[in-house]
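Participant: One structure is given below, represented as structure tokens, and several questions about it will come after.
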Amino acid sequence: MEQKLKIVIVEDEPVSNIYLKNLIQETRIQHEIVKELDCVVDALAYFVANPKVDLIFMDIHLGDGTCFDILNTIAIDTPIIFCTTFDTYAIQAFKYNSIDYILKPAKIDNIRAALNKFLSINQSEQQNYLGRIDQMMDSFTPPQFKKRFLIKENNKLKIVDINNVNFFYSKDGQTFIVEKTGCEHPVDYTLERLEDLLDPEDFFRINRKTTININQIFSVEDYFNSRLKIKLQNNKKDLDLVVSRNRVKYFKNWLKGVS
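Numbering-wise (our numbering), the sequence shown opens with residue 610 and increments by one.
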């Protein structure tokens with residue numbers, strides 16, 4: 610019987626965690642998720658106290674810091690597959706027993722290739738793995754985010770530059786883009802799809818129905834039930850912009866540049 614691969618997942622977004630576990634399952638590689646961790650503090654405690662596992666899937670940004678806070682504090686010689694939204698840490702990540710660096714949203718082919726790479730690399734090859742980083746990085750393609758939207762209105766086409774977007778919202782199954790001027794237009798994207806298309810450094814989905822532009826925030830106020838209320842510059846639409854309670858922590862991290 611094939612021995613199961615013992616895996617630890619370090620990921621603070623519940624949705625991303627479930628998505629990753631489903632992709633690993635789809636590869637049909639025999640494995641066992643022995644632990645799921647969502648913050649630096651818990652990860653440090655776990656890796657100090659527990660025996661070595663075979664492989665770690667690790668996000669870069671966590672709720673209370675980055676994975677490098679873990680890796681620079683304790684020695685972890687377990688191979689790591691990094692899964693993150695940002696391409697800017699790729700070189701740094703490969704200093705830490707890295708097998709692969711996958712950009713979110715990961716695809717089944719990405720996960721399968723990374724796991725097969727791990728299974729095919731023996732210990733001696735891992736020690737020489739850093740020597741192949743430059744070759745890997747030459748083929749590394751950073752994500753491309755939308756710079757503009759093409760809007761059709763009354764048989765005319767209008768271009769809306771991403772820098773002129775105040776926020777996006779959905780209503781009755783339709784998504785709308787709201788410009789700084791207050792003009793709004795329907796777009797053929799769901800908010801879920803927009804999360805993949807928009808630069809996460811500039812745009813954040815504060816609740817199920819709204820995604821805002823950080824450059825348009827005028828103020829952030831405490832709101833009842835441990836939520837936050839956002840006021841945007843030039844917002845002429847009568848729409849409450851409230852950060853959901855379960856996203857407040859991630860929103861604050863995003864404001865600080867560590868989302």
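The beta-carbon is built from N, C-alpha and C at its ideal position, and this holds for glycine as well. Computed from a predicted model, the values in this text were never measured in an experiment.
Three or more C-beta pairs under 8 Å: does that hold for the region 664–680 against the region 848–863?
Facilitator: Short answer: they touch.
Participant: Using CA coordinates, which residue listed in Leu766, Asn844 and Ala723 is at the minimum distance from Cys792?
Facilitator: Here residue 792 refers to the residue found at position 183 when the sequence shown is read from its first residue. Among Leu766, Asn844 and Ala723, the Cα nearest to that of Cys792 is on Asn844.
Participant: Nearest-angstrom Cα distance between Val617 and Gln701?
Facilitator: Taking the first residue of the sequence shown as position 1, residue 617 is located at position 8. Taking the first residue of the sequence shown as position 1, residue 701 is located at position 92. Near 21 Å, if we compare the C-alpha coordinates of Gln701 and Val617.
Participant: Count the other C-beta atoms from every protein chain shown that fall within 10 angstroms of the C-beta of Ser835, then say buried if there are 16 or more, exposed otherwise.
Facilitator: The residue you call residue 835 lines up with position 226 of the sequence shown. Burial call: exposed.
Participant: Is it true that the CB of Pro809 sits closer than 8 Å to the CB of Asn697?
Facilitator: Locating residue 697 in the sequence shown gives position 88, counting from the first residue. Locating residue 809 in the sequence shown gives position 200, counting from the first residue. Per the sequence shown, residue 697 should be read as Thr rather than Asn. Not in contact: Thr697 and Pro809 (Cβ atoms no closer than 8 Å).
Participant: Answer yes if the region 652–669 comes into contact with the region 766–781, meaning at least three C-beta pairs across the two stretches below 8 Å, and no otherwise.
Facilitator: No, they do not touch.
Participant: Please state the DSSP three-state secondary structure of Phe845.
Facilitator: By 1-based counting over the sequence shown, the position of residue 845 is 236. A quick correction: the sequence has Lys, not Phe, at residue 845. Coil at Lys845, not helix or strand.
Participant: Counting beta carbon pairs with one atom in the region 624–638 and one in the region 679–686, are three or more of them shorter than 8 Å?
Facilitator: Contact fails: fewer than three Cβ-Cβ distances are below 8 Å.
Participant: Can you give the Cα-Cα distance for Asn775 and Ser853, rounded to whole angstroms?
Facilitator: Start at 1 with the first residue of the sequence shown, and residue 775 comes out as number 166. Start at 1 with the first residue of the sequence shown, and residue 853 comes out as number 244. Cα to Cα, the separation comes out at about 19 Å.
Participant: Specify the secondary structure class of Leu664 as computed by DSSP and reduced to three states.
Facilitator: Within the sequence shown, residue 664 is the residue found at index 55, counting from 1. Leu664 falls in the strand class under three-state DSSP.
Participant: In terms of residues, what are the limits of the alpha helix (DSSP H) holding Asp718?
Facilitator: For the purposes of this step, residue 718 is identified with residue 109 of the sequence shown, where counting begins at 1. Here the alpha helix (DSSP H) through Asp718 covers Ile717 to Ser729.
Participant: Thinking C-beta only, is Val619 closer than 8 Å to Ala652?
Facilitator: Start at 1 with the first residue of the sequence shown, and residue 652 comes out as number 43. Start at 1 with the first residue of the sequence shown, and residue 619 comes out as number 10. Yes, the pair counts as a contact, with Cβ atoms nearer than the cut-off.
Participant: Would you mind working out which of Phe833, Tyr832 and Leu803 sits nearest Ile821, comparing C-alpha positions?
Facilitator: Residue 821 sits at position 212 when you count from the first residue of the sequence shown. Of the listed residues, the one whose Cα sits closest to Ile821 is Leu803.
Participant: In terms of residues, what are the limits of the beta strand (DSSP E) holding Lys858?
Facilitator: In the sequence shown, the residue the question calls residue 858 occupies position 249. Where Lys858 is concerned, there is no enclosing beta strand (DSSP E), although the alpha helix (DSSP H) it sits in stretches over Val857 to Leu864.
Participant: So, under 8 Å CB-CB, Thr784 and Leu800 are touching, yes? Tell me the CB distance rounded to an integer number of Å.
Facilitator: As a position in the sequence shown, residue 784 is number 175, starting the count at 1. As a position in the sequence shown, residue 800 is number 191, starting the count at 1. About 6 Å; that satisfies the 8 Å criterion.
Participant: Going along the chain, which residues of its own chain have a beta-carbon closer than 7 Å to the beta-carbon of Glu788, five neighbours each way excluded?
Facilitator: Counting from one through the sequence shown, the residue named residue 788 turns up at place 179. The residues are Val769, Asn773, Val774 and Asn775.
Participant: Name, in chain order, the residues that DSSP records as bridge partners for Ser779.
Facilitator: Walking along the sequence shown from the start, residue 779 turns up at place 170. Ser779 pairs with Thr784.
Participant: When we look at the beta-carbon of Phe827 and count the other beta-carbons within 10 Å, is it buried (16 or more) or exposed?
Facilitator: Taking the first residue of the sequence shown as 1, we reach residue 827 at position 218. Flag for Phe827 reads exposed.
Participant: DSSP three-state call for Tyr628: helix, strand or coil?
Facilitator: Locating residue 628 in the sequence shown gives position 19, counting from the first residue. If DSSP states are grouped into helix, strand and coil, Tyr628 belongs with the helices.
Participant: Have a look at Cys676, Ile638 and Glu645 and flag the residue whose alpha-carbon is nearest the alpha-carbon of Ala699.
Facilitator: Along the sequence shown, read from residue 1 onward, the residue named residue 699 stands at position 90. Of the listed residues, the one whose Cα sits closest to Ala699 is Cys676.
Participant: Tell me whether the beta-carbon of Lys726 lies closer than 8 Å to the beta-carbon of Ile711.
Facilitator: Locating residue 726 in the sequence shown gives position 117, counting from the first residue. Locating residue 711 in the sequence shown gives position 102, counting from the first residue. Contact flag unset, no.
Participant: Specify the secondary structure class of Phe691 as computed by DSSP and reduced to three states.
Facilitator: Along the sequence shown, one-based indexing puts residue 691 at 82. Three-state result, Phe691: strand.
Participant: Can you tell me which of His794, Ser625, Lys755 and Lys858 puts its alpha carbon nearest to the alpha carbon of Lys846?
Facilitator: Indexing the sequence shown from 1 puts residue 846 at position 237. When each option's Cα is compared against that of Lys846, the closest is His794.
Participant: Starting from Leu653, trace the alpha helix (DSSP H) in both directions and tell me its first and last residue.
Facilitator: One-based indexing of the sequence shown puts residue 653 at position 44. Unbroken alpha helix (DSSP H) run through Leu653: Val649 to Ala658.
Participant: With DSSP run on the structure shown, which of helix, strand or coil describes Phe677?
Facilitator: For this step, residue 677 is matched to residue 68 along the sequence shown. Residue state, collapsed to three classes: helix.
Participant: Distance, Cα to Cα, Leu724 vs Leu848?
Facilitator: Position 115 of the sequence shown, counted from the start, is the residue given in the question as residue 724. Position 239 of the sequence shown, counted from the start, is the residue given in the question as residue 848. Straight-line Cα distance between these residues: approximately 46 Å.
Participant: Would you kindly work out how many angstroms separate the C-alpha atoms of Ala715 and Glu622, rounded to a whole number?
Facilitator: Counting from one through the sequence shown, the residue named residue 715 turns up at place 106. Counting from one through the sequence shown, the residue named residue 622 turns up at place 13. Near 14 Å, if we compare the C-alpha coordinates of Glu622 and Ala715.
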